[in-house]
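Below is one structure; the comments refer to it alone.
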Amino acid sequence: MARRVFVSFRYSDGHLYKERLERLFDSSTEIINRSEDVNCSGKSDYTIQNYLYSKLRYTSVTIVL
């Protein structure tokens, strides 16, 4: 059974690590990447929280960088 993975990271210093992980995910048929490339740094905490909760709802694994 495939795992749905969400990578949580601070865009300013974590997006390069996230991109490396995504390259590894692409080579696997067991991982469904649910991460985003959206820079939310200019949005309110409430908006970011709601956005992330909607993404996390359907994931089975969360990686925090």
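Residues in the sequence shown are numbered from -15 upward in steps of one, following the working numbering.
Where a beta carbon is used, it is the ideal one built from N, C-alpha and C, also for glycine.
As a quick exercise: from R(-12), V48 and S(-4), pick the residue whose alpha carbon is nearest that of S25. The residue from R(-12), V48 and S(-4) with its alpha-carbon nearest to that of S25 is S(-4).
In three-state terms, what does DSSP make of F(-7)? coil
Assign S19 to buried or exposed, taking buried as 16 or more other Cβ atoms, counted over all protein chains shown, within 10 Å of its Cβ. Of the other Cβ atoms in all chains shown, 16 or more fall within 10 Å of the Cβ of S19; this residue is therefore buried.
Tell me which same chain residues have a C-beta within less than 8 Å of the C-beta of S44, skipping the five on either side of it? R(-13), R(-12) and V(-11)
Can you give me the Cβ contacts of L49 inside the same chain, cut-off strictly under 8 Å, excluding the 5 residues immediately before and after it? V(-9), S(-8), F(-7), R(-6), G(-2), Y1 and K2
So E6 and N23 are in contact, right, with Cβ under 8 Å, and what is the actual spacing, rounded? In fact, because the Cβ distance is near 16 Å, the residues do not count as touching under 8 Å.
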